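Chains S, R and P supply the protein sequences, listed in that same order.
Sequential numbering of the first sequence, starting at 15, is according to our numbering.
Sequential numbering of the second sequence, starting at 2, is according to our numbering.
Sequential numbering of the third sequence, starting at 77, is according to our numbering.
All residues carry an ideal CB built from backbone N, CA and C; glycine is no exception.
The structure displayed is predicted, hence computed values, not measured ones.
Let me begin by presenting the structure, written as structure tokens, before commenting on it.
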Amino acid sequence: MFNLRDWGAGVWERSGRPVRVLIALGAIAAAASLPLLGGTFLNTPIADYGSVLVFPVAIFVIMALGLNIVIGKSGLLDLGYVAFFAIGAYTMGILGTKTGLNSWEILPIGIAMAMFAGLILGVPALRLRGDYLAIITLGFGEIVRITALNLNSIGGANGIVGIPTPPTIFGLEYTFDNHRLYFWTFLIIILLTIWMIRRLSVRRAGRAWESIRQDEDAAELMGVPTFRYKIWAFVLGASVGGAAGVLYASKTLFISPDNFTLQVSILILACVVFGGMGNIWGVVLGAIILGYLPDRIRFISDARLLVFGAVLVLMMNLRPDGLLPRKKREKALPEKGQS
Amino acid sequence: MLSNFQDQFASLTVGGLSLGFIYVLIALGYTMVYGVLRMINFANSEVFMYGTFATIIVIRDLFGFTQQSEPATGFRLVYILFLCLIASMLMSGILSIFLELVAYRRLRNRGSNKLAPLISAIGMSIVLAEFMRILTDSRYVGSPRVMEKKSLGTFFGAELRLDNVIIIVAGLILFVSLSQFVQRTRLGKAIRAVSMNEDAAKLMGVNLNFVVSGTFLVGGLMTGAAGFFYVLKYENTSFNIGFELGIAAFTAAILGGIGNIKGAFYGGIALGLLETYASFFLGTQWKAVTVFIVLVFVLYFRPNGVFGEAITQTRA
Amino acid sequence: MNERQYMKKQRLISVAAVIALAAGSAVAVAPASNAAAKTVTIAYQGPLTGEEAQVGIDELNGVKYAVKLFNAKNKGKFNVRIVEIDDQGSGTEAAKVAPGAASNKKILGIVGPAYSGATIASLPFYKQTNLPLISPSATRVSITDPAQGLIGFPVFHRIPVTDRVQGPALYKLATRGVSSPKVFVIDDQSPYGVGLVEYMKLGGATLAGQDSVPDKTTDWSATISKVKSASANVVIFTGYYAQAATLFRQLRDSGYTGVLAGGDGVLSPGILTLASASILEGVRLTGGTVPLAEISAKLEADFKAKMGVSSGTYAAESIDAANIFLSCISKGVNTRAAMLKCVKAYKGKSITGSALSFDKYGDTAGGVMNGFEIKGGAIKYTGAVK
């Protein structure tokens, strides 16, 4: 079967440096021009095209990239990823309304908070494997949401209103309806995240994660400190989720516990698997499609979630490794009775 | 508060137990499939939800009950309840087999990665829930009362209400039958064989597809029974009840040790009691948090759940 | 059966609306009968698909009814169109659809948003573009509370009185005629439910006990135990009708014989399909709304004749909200700024007969809270709670 991923990788590897730069610039330019294509067939009926591109599309891409470190790279099933997103968003919400700090100053704080939460969750949870890890992370996601719901000091059920927009930089004004500027800013952050993940994956950490994903026991026997690298993957994934949360809050300006349900975790997981676990480009594509699709097909009105579910089933059956799967040689053996 | 707790303890326990048995039956749906395929059957929650609707259809449409009708009594009541139970078990059992065929079989035969079936299951779960939502116009559907909820007396200060007693007794019977089925019948033995070692079982002449379908059927039947009990106890349903109950039941299965039938039993009951006590003591708003914190502690000391994995250990 | 067919038709209409919107045009509810008539556009925003769709469809019918009367009366002069904005009642969705409505300059005013969360998420866009809103049902206090940062000022207005009034009124109604009341309050953790309890307490309510339960709770045994250990004789639920039905059922089954009460979230004919009349007998409810049939049987009959379906919750509020915009339109208003000024200055009558005008922050001046009681399997109006 034709494998777009392998074909793409082949073209990339055969090309010299200038061609690679051209390809990369072309891809970035194509992505950056997306908000300008509102008048074309890409336009979303009812929902505003510009804001759909920012949320869910761009935010989903960032979150999916982060979750991919945890699931795709190191094979840890995390069903509570929304917790880190929520922690980032609430950090932005609380600090943004109660202190004079602006979005860019809060961003590192939000990331740090999410990483800290990742550490707290990771230390007990990462001793567990497979589905036990899944349910613990799922529980953690719910704990964060319910705590936010029950604490009146951070808005309780009402959430936080009046979160400030990011401050003007280089004369660019972040008014809440300037969707293009938000999109381009988020695109830069997406590119930074991709760069970071790519650098890491070819180094020691990347090789360690790969070995853990394929066979944790063997990795441990070969001297890979698996626990430490699992924590590392978890915390790194959390940091990206936290960053997405800060950005989301400074775009929607109003957050409430309803924004951080388990469904979000599941949707992001679907983005990762749908696109192609472990492959950055696949994950990006998956997040774009699953973020965009429900709003694009709004014209079928009431049935659109039904269609969305059917698409998931159909695609997973036709392409179980995702739209753009990881390279063949990286594929692990089918996992069976691993525990 | 403490003296209040003592006063209410007995009735909380009865309520928690009957809720626990509903969890046990749904958890069995998860655990059976997990034991054989090592896979979370995410859509089991919707299998449960369809079971509740089957019960209501029998009560409302087959027997013509309305909110204003008199509850049935005597032999007619037994007959109606029995028919409801059969209907929801069949509905869920058949749906469960269908689910396996559509969402899992192809992936399983191709030996795909572990997450593809999970996403496929999530997709199926969305499809099933949305289909029901459109069918019911997003509304809650109430069940007319078929059985008067009379008290059978008190036991250590707890009122033994008929519906709770039926759920506990019938739940126990269903659980024992399932254990016996897995221990003694041919299909049960085949299920255990596949659960222990799939390849060896295949070599020994076990028809894998048949066993897998059988597992889904049995899991679905149990989940469907839970759907009937749910309607009997709470007398309403809606397209979106599956998700939360499913998560709770899955937690119960994990708590006891997923893949282990006995684990699902104790896990379900423990969860039902824990939720009820925690709601009373700490406030209902902290119920879910308490449950998960207990789960973290349990798994910290017993990483494979209290009773460990493997469907084989029903006798342990 | 009739209702189901109607629903199907509704869906077709909204599909058509969506397709038309996609093409960038507004939707005419009534075909233009006269080319000389001036076409004016208003919008309705609320949940038209998804879990909460019924609320939105009921409200939209109220708006359509008002517009239908207006267009018939002003044939040749005005032709008012309605754009449907579907926010599914959720803040997340509202933030996606509001920018489109805000930038559609044809829309002079919006009846809605129906829900408070969606309102708060949409408001930045509408404030930016000076688009006047009149909500038939968003009752969260904070939207118009100047102490909480002027979230809705100046564009937001609403017909129903807020939970600041409803909280104390509900307490008063629930304890009416009960000697030595011991009140137990249960909220559903929604902003609405929590807020209602908060304002009940601010209004001087004394509570014997309280519980806060996640929405979708179906097992109430722990809460019921608490009610019993507080030996309460009045139980108030601040949440929505589906949960209220299961709570009231389980409370009665457990032998509780005291008063049951709820706010406007419970005030829905839907509750009658979820529990038997004997269980619901005597349940006391409050609501700012008045069913059309209570205003006059003739009005309800006319509504049914024109819309092909009975009126739903908040029908009166939706008609009032639409009527305010329509009266401004008939005065020749054709910009958003003029519309906002006209709405602020509006002084008129509600279809309930009471006077209707807004204060500076967009709340109706002098609104009343009505009491209801379920008797013999029907919700009966019992007069204003004073």
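Where the alpha helix (DSSP H) through Lys203 (chain P) begins and ends: Walking along the third sequence from the start, residue 203 (chain P) turns up at place 127. Here the alpha helix (DSSP H) through Lys203 (chain P) covers Ser192 to Gln204.
Inter-residue spacing [alpha-carbon to alpha-carbon] between Gly346 (chain P) and Leu50 (chain S): Against the third sequence, residue 346 (chain P) aligns to sequence position 270. Against the first sequence, residue 50 (chain S) aligns to sequence position 36. When rounded, the distance between both Cα atoms is 46 Å.
Continuous alpha helix (DSSP H) assignments of at least 4 residues falling wholly in the segment 254-285 of chain P: 267-278
Residues of its chain near Gly259 (chain S), where Cβ-Cβ distance is below 8 Å and the 5 sequence neighbours each way are ignored: As a working mapping, residue 259 (chain S) is identified with position 245 in the first sequence. Phe98, Phe99, Ala100, Ile101, Gly102, Ala103, Tyr104, Thr105, Met106, Gly124 and Ala128.
C-beta contact flag for Pro175 (chain P) and Ser65 (chain S) at 9 Å: Here the question's residue 175 (chain P) lines up with position 99 in the third sequence. Here the question's residue 65 (chain S) lines up with position 51 in the first sequence. Contact flag set, yes.
Three-state class that DSSP yields for Ala353 (chain P) in the structure shown: Looking up residue 353 (chain P) in the third sequence gives position 277. Correct three-state label for Ala353 (chain P): helix.
Under 7 Å from the C-beta of Leu163 (chain S): neighbouring residues of chain P: Here residue 163 (chain S) corresponds to residue number 149 of the first sequence, with the count starting at 1. The contacting residues are Gln265.
is_contact[Arg328 (chain P), chain S] using C-beta, thresh 9 Å: Along the third sequence, read from residue 1 onward, the residue named residue 328 (chain P) stands at position 252. It does not: the Cβ of Arg328 (chain P) has no partner Cβ on chain S nearer than 9 Å.
Selected residue, minimal CA-CA separation from Met287 (chain P), among P:Phe260, P:Leu278, P:Gly253 and P:Tyr275: Position 211 of the third sequence, counted from the start, is the residue given in the question as residue 287 (chain P). Reading off the sequence shown, one finds Asp at residue 287 (chain P), where the question assumed Met. Answer by Cα proximity: P:Phe260.
Where Lys277 (chain P) meets chain C, residues with beta-carbon distance less than 8 Å: This model lacks chain C altogether, as its protein chains are S, R and P.
Span of the alpha helix (DSSP H), counted from its first residue to its last, around Glu234 (chain S): Start at 1 with the first residue of the first sequence, and residue 234 (chain S) comes out as number 220. Where Glu234 (chain S) is concerned, the enclosing alpha helix (DSSP H) stretches over Glu230 to Leu235.
Residue environment, Pro239 (chain S), which counts as buried when at least 16 other CB atoms sit within 10 Å: Within the first sequence, numbered from 1, the residue matching residue 239 (chain S) stands at position 225. It counts as exposed.
CA nearest to the CA of Tyr262 (chain S), picked from S:Gly86, S:Gly30 and S:Trp118: By 1-based counting over the first sequence, the position of residue 262 (chain S) is 248. That would be S:Trp118, whose Cα lies nearest to the Cα of Tyr262 (chain S).
Straight-line Cα distance separating Pro189 (chain P) from Leu97 (chain P): On the third sequence, residue 97 (chain P) is found 21 positions in, with the first residue counted as 1. On the third sequence, residue 189 (chain P) is found 113 positions in, with the first residue counted as 1. Only weak support is given to the placement of Leu97 (chain P): the predicted model assigns it a pLDDT of 42, under 50, and the value that follows is read from those uncertain coordinates. Roughly 18 Å separates the two Cα atoms.
Between the CA atoms of Gly257 (chain R) and Phe266 (chain R) - distance to the nearest angstrom: On the second sequence, position 265 is the one that residue 266 (chain R) refers to. On the second sequence, position 256 is the one that residue 257 (chain R) refers to. The alpha-carbon atoms of Phe266 (chain R) and Gly257 (chain R) are separated by roughly 8 Å.
Cβ of Val270 (chain P) within 9 Å of any chain S Cβ: On the third sequence, residue 270 (chain P) is found 194 positions in, with the first residue counted as 1. Taking Cβ atoms only, chain S reaches closer than 9 Å to Val270 (chain P), which makes this a yes.
Phe76 (chain R) Cβ short of 8 Å to the ligand FAD heavy atom set: This structure lacks the ligand FAD, and indeed carries no ligand of any kind.
Exposure label - Phe274 (chain S); buried when at least 16 CB within 10 Å: In the first sequence, the residue the question calls residue 274 (chain S) occupies position 260. Its Cβ being crowded by 16 or more others within 10 Å, Phe274 (chain S) is buried.
Residues of its chain near Phe298 (chain R), where Cβ-Cβ distance is below 7 Å and the 5 sequence neighbours each way are ignored: Taking the first residue of the second sequence as position 1, residue 298 (chain R) is located at position 297. Closer than 7 Å at the Cβ level, and outside the excluded window around Phe298 (chain R), lies no residue.
For Tyr457 (chain P): DSSP bridge partner residues: Taking the third sequence and counting its residues from 1, the one referred to as residue 457 (chain P) is at position 381. P:Phe448, per the DSSP bridge assignment.
Whether Leu307 (chain S) touches Val327 (chain S) by CB criterion (9 Å): For this step, residue 307 (chain S) is matched to residue 293 along the first sequence. For this step, residue 327 (chain S) is matched to residue 313 along the first sequence. Annotated as distal: Leu307 (chain S) and Val327 (chain S), with beta-carbon spacing of 9 Å or more.
Under the three-state DSSP convention, the category Tyr120 (chain P) falls into: Within the third sequence, the letter at position 44 stands for residue 120 (chain P). Reduced to three states, the DSSP call for Tyr120 (chain P) is strand.
Cβ pair Ile355 (chain P), Phe313 (chain P) closer than 9 Å: In the third sequence, the residue the question calls residue 355 (chain P) occupies position 279. In the third sequence, the residue the question calls residue 313 (chain P) occupies position 237. No. Outside cutoff.
Minimum Cβ-Cβ distance from Pro107 (chain P) to chain S less than 9 Å: Indexing the third sequence from 1 puts residue 107 (chain P) at position 31. A caution first: Pro107 (chain P) carries a pLDDT of 47, below 50, which makes its placement in the model unreliable, though a value can still be read off. No - not a single Cβ of chain S is within 9 Å of the one on Pro107 (chain P).
Cβ of Arg143 (chain S) within 9 Å of any chain R Cβ: One-based indexing of the first sequence puts residue 143 (chain S) at position 129. For Arg143 (chain S), the answer is yes, since a Cβ of chain R falls inside 9 Å of its Cβ.
Interface positions of the segment 295-307 of chain R facing chain S (Cβ-Cβ less than 8 Å), listed along the chain: Of all residues in the segment 295-307 of chain R, Leu296, Val297, Leu300, Tyr301, Pro304, Asn305 and Gly306 have a Cβ within less than 8 Å of some Cβ in chain S.
Any C-beta of chain R under 9 Å from that of Arg412 (chain P): Taking the third sequence and counting its residues from 1, the one referred to as residue 412 (chain P) is at position 336. By this cut-off, Arg412 (chain P) is not an interface position.
Where the segment 139-172 of chain P meets chain S: residues whose CB sits under 8 Å from a CB there: Ile161, Asp162, Ser166, Gly167, Thr168, Glu169, Ala171 and Lys172
Within 9 Å, strictly: CB atoms of Leu184 (chain P) and Ile405 (chain P): Locating residue 184 (chain P) in the third sequence gives position 108, where the first residue counts as 1. Locating residue 405 (chain P) in the third sequence gives position 329, where the first residue counts as 1. The Cβ-Cβ distance between Leu184 (chain P) and Ile405 (chain P) falls below 9 Å.
Beta carbon proximity, Ala129 (chain P) to chain R, threshold 9 Å: Against the third sequence, residue 129 (chain P) aligns to sequence position 53. Yes, because at least one Cβ of chain R sits closer than 9 Å to the Cβ of Ala129 (chain P).
Gly258 (chain R), enclosing beta strand (DSSP E) - first and last residue: By one-based count along the second sequence, residue 258 (chain R) stands at place 257. In this chain, Gly258 (chain R) is not harboured by any beta strand (DSSP E), its DSSP state being neither H nor E.
Pair within 9 Å by beta-carbon distance, Val187 (chain P) and Pro222 (chain P): On the third sequence, residue 187 (chain P) is found 111 positions in, with the first residue counted as 1. On the third sequence, residue 222 (chain P) is found 146 positions in, with the first residue counted as 1. Result no, Cβ atoms of Val187 (chain P) and Pro222 (chain P) do not sit closer than 9 Å.
Straight-line gap, Gly228 (chain R) to Leu63 (chain R) (C-alpha atoms, nearest Å): The residue given as residue 228 (chain R) occupies position 227 in the second sequence. The residue given as residue 63 (chain R) occupies position 62 in the second sequence. Between Gly228 (chain R) and Leu63 (chain R), the C-alpha separation is close to 18 Å.
Cβ-based neighbour list, Leu119 (chain R), same chain, cut-off 8 Å, excluding 5 preceding and 5 following: Indexing the second sequence from 1 puts residue 119 (chain R) at position 118. Same-chain partners within the cutoff: Met40, Ile41 and Phe43.
For Lys244 (chain S) and Val103 (chain P), the rounded distance between their alpha carbons: As a working mapping, residue 103 (chain P) is identified with position 27 in the third sequence. As a working mapping, residue 244 (chain S) is identified with position 230 in the first sequence. Residue placement at Val103 (chain P) is flagged as unreliable, the pLDDT there being 41, under the threshold of 50; the coordinate-derived value follows with that caveat. If I take the Cα positions, the gap works out to 55 Å.
Same chain only: Cβ atoms within 8 Å of Ala454 (chain P), ignoring 5 sequence neighbours per side: Reading the third sequence from its first residue, position 378 is the one you call residue 454 (chain P). If we look at Ala454 (chain P) and ignore the five residues flanking it on each side, its Cβ neighbours are Leu348.
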